[in-house]
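Each residue of the sequence shown is one higher than the last, beginning at 1 in the numbering used here. To start, the structure itself, in structure tokens.
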Amino acid sequence: MCNTPLHETQIHGQLSFPYIVYKGNIPEFFSSYPLHWHDEMEIIYICGGQGIITIQSHQYIVKSDDIVIIPPQMVHSIEQYSKSKMEYFNILFHFSLLNYSENDTCYEKYFKPLYCHAKLPSLYLKSGTDLNCLLYPHIMYLIENRKKSYTSDELMIKSNLFAIMHYINQYSSSTSSAELSMKNNYDMLKNLLLHIQSNYDRVITVKDAAAICGFSSSHFMKLFKELTGKSFSQYLIDYRLEIAARQLGETSYKITDLAENVGFHNVSYFSRAFHSKYGETPSAYRKSTRHKADAP
């Protein structure tokens with residue numbers, strides 16, 4: 001089964017201090033991170049190269065010094081752009097870290113609208129833009145001191161997070177009714193994504209998928225393409241191939257067994273689809289992945 005949860009429910013960092021910074025590197029760590037969402041605020045800083053980050057139905061080609069803001073519950077993905085590499089930092093923190101309560105004025109005024117997507121800033125901040133420049137020094141502090149957060153710098157970590165939230169709120173505006181409607185559609189789509197995560201190795205028809213979302217088949221196909229940029233059948237194939245790619249690097253399954261495990265019942269078709277997506281055969285991909293893992 002896939003070991004990457006679509007809805008991440010774990011608290012990143014420590015329960016008493018739910019904040020953490022991850023270093024990412026595509027394609028060395030993985031070639032893509034599929035559509036997923038979580039309950040935390042996420043800020044991505046691109047420190048080198050370029051890649052693709054998709055948030056809801058918007059796809060951004062990001063490059064060095066760009067910043068991406070991903071509010072809680074927003075569906076997003078990260079993937080390789082062409083043959084480029086990308087290095088980045090993920091900063092994740094739960095709003096509880098900033099000591100809000102539901103009766104608190106700051107929560108009602110600043111946090112709740114962002115959590116509910118009623119007010120949002122621009123999510124993609126190109127290098128040199130106003131909000132990017134305001135956030136940059138605080139993001140750099142969080143990255144540079146990411147290993148001190150549980151020892152002696154808790155107050156400075158929080159002060160920088162408060163500054164980030166302050167500037168984000170300053171540059172936020174009310175979302176339109178059309179954008180809120182899109183959020184509702186995504187909420188229904190999440191049920192389908194969770195179903196795929198648990199049943200990708202089985203047959204899932206368009207009719208099945210539409211029923212899970214509560215739509216007619218025709219409306220579902222149109223909406224799914226709008227929301228993800230792919231047809232449902234292509235999304236399902238790509239999802240299975242991403243799992244296959246991980247299993248090729250992490251297991252010793254025979255190619256025929258592995259193809260069956262991820263829902264491909266024709267190994268020749270699996271090999272062609274895999275080569276089309278990754279540019280090499282499954283066996284060659286396994287060798288190259290293990291060579292990278294063994295390299296000093």
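Note that beta-carbon positions come from the ideal geometry of N, C-alpha and C, so glycine has one too.
### Task
Could you check the C-alpha separation between A210 and S217 for me, to the nearest Å?
5 Å
### Message
Going by C-alpha to C-alpha distance, which of I143, M74, L131 and Y136 sits closest to W37?
### Response
M74
### Message
Using the three-state DSSP reduction, which class does M182 fall into: helix, strand or coil?
### Response
helix
### Task
Specify the secondary structure class of E299 as computed by DSSP and reduced to three states.
Nothing in the structure corresponds to residue 299, since the chain is present only between 1 and 296.
### Query
Since M188 contacts C213 with CB under 8 Å, what's their CB separation in whole angstroms?
5 Å
#### Entry: Pairwise C-alpha distance: L97 and D104
14 Å
### Task
Assign N3 to buried or exposed, taking buried as 16 or more other Cβ atoms, counted over all protein chains shown, within 10 Å of its Cβ.
Any reading at N3 needs caution, since the residue's pLDDT is 48, under 50, leaving its predicted position unreliable; the model's value is listed next. Exposed is the call here.
### Query
In whole angstroms, what separates the C-alpha of A273 from that of G279?
Rounded to the nearest whole angstrom, the CA to CA distance from A273 to G279 is 10 Å.
### Query
Using DSSP with H/G/I as helix, E/B as strand and the rest coil, what is H34?
It is Pro, not His, that sits at residue 34 in the sequence shown. DSSP places P34 in strand when its eight states are reduced to three.
### Message
Please classify D66 as buried or exposed, where buried requires at least 16 other C-beta atoms within 10 Å of its C-beta.
### Response
buried
### Rounded separation between D257 and E179 - CA only
43 Å
### Task
Alpha carbon to alpha carbon, how far is H265 from Y227? Give it in angstroms, no decimals.
Residue identity differs from the one stated: residue 227 is Leu in this sequence, not Tyr. About 28 Å.
### Message
For Y167, which residues in the same chain have their Cβ closer than 7 Å to its Cβ, ignoring the five residues on either side in sequence?
### Response
Apart from the 5 residues on each side of it in sequence, Y167 sits with its Cβ closer than 7 Å to the Cβ of L131, L134 and L135 in its chain, given in chain order.
### Beta bridge counterpart(s) of L120 as assigned by DSSP
Beta-bridge pairing by DSSP links L120 to S173.
### Message
Let me confirm a value: L92 is counted as buried when at least 16 other C-beta atoms fall within 10 Å, else exposed. Which label applies?
### Response
buried
### Query
For the stretch 121-131 against the stretch 55-64, are there 3 or more C-beta pairs whose distance is under 8 Å?
Taking 8 Å as the limit for Cβ pairs, the verdict is that the stretch 55-64 does touch the stretch 121-131.
### Message
Which of the three DSSP states is assigned to S77 in this structure?
### Response
S77: strand per DSSP, three-state reduction.
### Message
Less than 6 Å between C-beta atoms, sequence neighbours within five positions excluded: which residues of the same chain meet that for Y22?
### Response
Short of 6 Å from the beta carbon of Y22, and not among the five residues preceding or following it, lie these beta carbons of its own chain, in chain order: N90.
### Task
Return the chain-ordered list of same chain residues with a C-beta closer than 7 Å to the C-beta of C47, the five sequence neighbours on each side being excluded.
The answer, listed in chain order, is S64, E87, Y88 and F89.
### Query
From K158 to I70, what does the alpha carbon distance come to, in whole angstroms?
19 Å
### Query
Apart from the five residues just before and just after S26, which ones in its own chain have a Cβ nearer than 6 Å to its Cβ?
Going by the sequence as given, residue 26 is Ile instead of Ser. Contacts found: G51, Q80 and M86.
### Task
Run the CB neighbour count on R240, radius 10 Å, all protein chains shown included, and call it buried at 16 or more, exposed below.
R240 should be labelled buried.
#### Entry: Contact set for E242: own chain, Cβ-Cβ below 7 Å, skip 5 residues either direction
S32 and P34
### Task
Give the range of the beta strand (DSSP E) segment to which N132 is assigned.
Careful: N132 lies outside any beta strand (DSSP E), inside the alpha helix (DSSP H) at D130 to E144.
### DSSP state of V267 mapped onto helix, strand, coil
helix
#### Entry: Three-way DSSP call (helix, strand, coil) for N90 in this model
strand
### Message
I'd like the span of the beta strand (DSSP E) that includes Q59, first residue to last.
### Response
H58 to K63
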